[in-house]
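Protein sequence lines, in the order shown, are assigned to chains A and B.
First residue of the first sequence: 1, per the numbering used here; consecutive thereafter.
First residue of the second sequence: 1001, per the numbering used here; consecutive thereafter.
Structure first, commentary second.
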Amino acid sequence: DVKVTQSSRYLVKRTGEKVFLECVQDMDHENMFWYRQDPGLGLRLIYFSYDVKMKEKGDIPEGYSVSREKKERFSLILESASTNQTSMYLCASTLSYEQYFGPGTRLTVT
Amino acid sequence: GQNIDQPTEMTATEGAIVQINCTYQTSGFNGLFWYQQHAGEAPTFLSYNVLDGLEEKGRFSSFLSRSKGYSYLLLKELQMKDSASYLCAVRDSTKAGGYNKLIFGAGTRLAVHP
Chain A
1 DVKVTQSSRY LVKRTGEKVF LECVQDMDHE NMFWYRQDPG LGLRLIYFSY DVKMKEKGDI
61 PEGYSVSREK KERFSLILES ASTNQTSMYL CASTLSYEQY FGPGTRLTVT
Chain B
1001 GQNIDQPTEM TATEGAIVQI NCTYQTSGFN GLFWYQQHAG EAPTFLSYNV LDGLEEKGRF
1061 SSFLSRSKGY SYLLLKELQM KDSASYLCAV RDSTKAGGYN KLIFGAGTRL AVHP
């Protein structure tokens, strides 16, 4: 069974703080993704990675960066959190076509 | 542009059949997915259609017409536990880093009542 875990289910941060969201998968998948999910907008791709140290911008990369130092771990970084980054963040991984999602992190920036 | 449309909300009765439609306009196409997402949980994979026609999997079926840019998810013998959001996603054939990106619709929230 594929397992994708995220470091926190709920997180509250202040404006301007640096925020790290971590994602770990245990199936040796090469491709990993970070999405945010907002009501009425669906899942939007922030960044993805197709190999260690490789990353590609998704549709909404502004205000975010990522790190993939090991195959199983993909981190999303908010350099200076802002209130418009309050959202549900979902990590996913895939080997070929089906994406497996983590449980999500609900981030609130106050 | 890229656009995926699906109804925002639907309601249905336990035991009935419901069809959730999805229309798409994308720059490339390499398959269409349906995911189920219960409130507060991760999306889980339901189906993947890459060729035209109907794919049946138990109580759930998914249909694709590539020429019409149209898909539907059919849920039969509805149960209360089927109350969830259903996400339509298109795999864009434009490759970046060797991978086909998924583009998601906003989701359809289905409420099943007794």
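Beta carbons: idealized from backbone N, C-alpha and C, even for Gly.
In this text, all values refer to a predicted model and were calculated from it rather than measured experimentally.
For residue i, collect the residues of the same chain with a Cβ closer than 7 Å to its Cβ; drop the 5 residues on either side in sequence, then sort them by chain order.
{"i": "Val-1018/B", "result": "Met-1010, Ala-1012, Leu-1075, Leu-1078 and Leu-1110"}
{"i": "Ala-1084/B", "result": "Gln-1036, Gln-1037, His-1038 and Leu-1110"}
{"i": "Ser-1061/B", "result": "Leu-1054, Glu-1055 and Leu-1074"}
{"i": "Pro-61/A", "result": "Ile-46 and Tyr-47"}
{"i": "Phe-20/A", "result": "Ser-75 and Ile-77"}
{"i": "Lys-1057/B", "result": "Ser-1047"}
Which residue comes first and which comes last in the beta strand (DSSP E) that contains residue i?
{"i": "Ser-8/A", "result": "No beta strand (DSSP E) contains Ser-8/A, which DSSP labels as neither H nor E."}
{"i": "Thr-1013/B", "result": "1009-1013"}
{"i": "Ile-1020/B", "result": "1018-1025"}
{"i": "Asp-1005/B", "result": "1003-1005"}
{"i": "His-1113/B", "result": "1108-1113"}
{"i": "Phe-1060/B", "result": "1060-1065"}
{"i": "Phe-1033/B", "result": "1032-1037"}
{"i": "Arg-106/A", "result": "105-109"}
State the DSSP-derived secondary structure class of residue i, mapped to helix, strand or coil.
{"i": "Met-27/A", "result": "coil"}
{"i": "Gln-85/A", "result": "helix"}
{"i": "Asp-1052/B", "result": "coil"}
{"i": "Lys-1081/B", "result": "helix"}
{"i": "Lys-3/A", "result": "coil"}
{"i": "Ser-96/A", "result": "coil"}
{"i": "Thr-1094/B", "result": "strand"}
{"i": "Glu-22/A", "result": "strand"}
{"i": "Lys-1068/B", "result": "coil"}
{"i": "Lys-1076/B", "result": "coil"}
{"i": "Leu-1046/B", "result": "strand"}
{"i": "Arg-14/A", "result": "coil"}
{"i": "Gly-42/A", "result": "strand"}
{"i": "Phe-1029/B", "result": "coil"}
Just to confirm my understanding: we take residue i, look at its own chain, exclude 5 residues before and 5 after, and list those with CB closer than 6 Å. What are they?
{"i": "Arg-1066/B", "result": "Asp-1052"}
{"i": "Asp-26/A", "result": "Lys-3"}
{"i": "Asn-31/A", "result": "Tyr-50 and Thr-94"}
{"i": "Asp-1044/B", "result": "Going by the sequence as given, residue 1044/B is Thr instead of Asp. Same-chain partners within the cutoff: Gln-1036."}
{"i": "Tyr-1024/B", "result": "Ile-1004, Gly-1069 and Val-1090"}
{"i": "Arg-106/A", "result": "Tyr-10 and Met-88"}
Using a Cβ-Cβ cutoff of less than 8 Å, which residues in the same chain neighbour residue i once the five nearest sequence positions on both sides are dropped?
{"i": "Thr-1072/B", "result": "In the sequence as displayed, the identity of residue 1072/B is Tyr instead of Thr. Excluding positions up to five away in sequence, the list reads Gln-1019, Ile-1020, Asn-1021, Cys-1022, Ser-1062 and Phe-1063."}
{"i": "Leu-1102/B", "result": "Phe-1033, Ala-1089, Val-1090, Arg-1091 and Asp-1092"}
Practice item. Give, in chain order, every residue of the segment 84-98 of chain A whose Cβ lies closer than 7 Å to some Cβ of chain B. Key: From the segment 84-98 of chain A, only Leu-90, Tyr-97 and Glu-98 have a Cβ closer than 7 Å to chain B.
Exercise for review: Counting only runs of 3+ residues fully inside the segment 50-81 of chain A, write out the beta strand (DSSP E) ranges in chain order.
Suggested key: Restricted to the segment 50-81 of chain A, the beta strand (DSSP E) segments that are unbroken, complete and at least 3 residues in length are 54-57, 64-70 and 73-78, listed in chain order.
Review point. Taking Cβ-Cβ distances below 9 Å as the criterion, which residues of the segment 1030-1042 of chain B are in contact with chain A?
Key: So the list reads Asn-1030, Gly-1031, Phe-1033, Tyr-1035, Gln-1037, Gly-1040, Glu-1041 and Ala-1042, given in the order they occur along the chain.
Review point. What residues in the segment 59-70 of chain A have a beta carbon less than 7 Å from any beta carbon of chain B?
Key: The residues in question: there are none.
Exercise for review: With 8 Å as the C-beta to C-beta threshold (strictly closer), list the residues of the segment 1045-1067 of chain B near chain A in chain order.
Suggested key: Going along the segment 1045-1067 of chain B in chain order, one finds Phe-1045 and Tyr-1048 with a Cβ nearer than 8 Å to chain A.
Exercise for review: Mind checking the segment 6-33 of chain A against chain B and listing, in chain order, the residues whose C-beta falls within less than 7 Å of any C-beta there?
Suggested key: Within the segment 6-33 of chain A, the residues whose Cβ lies closer than 7 Å to some Cβ of chain B are Asn-31, listed in chain order.
Check your understanding: Of all the residues that make up the segment 33-44 of chain A, which are near chain B by a beta-carbon distance shorter than 7 Å?
Key -> Hits within the stretch, in order: Gly-40, Leu-41, Gly-42 and Leu-43.
**Study point:** Selection of the segment 1101-1112 of chain B by Cβ proximity to chain C, strictly under 9 Å
**Key:** The displayed structure is made up of protein chains A and B, and chain C is not among them.
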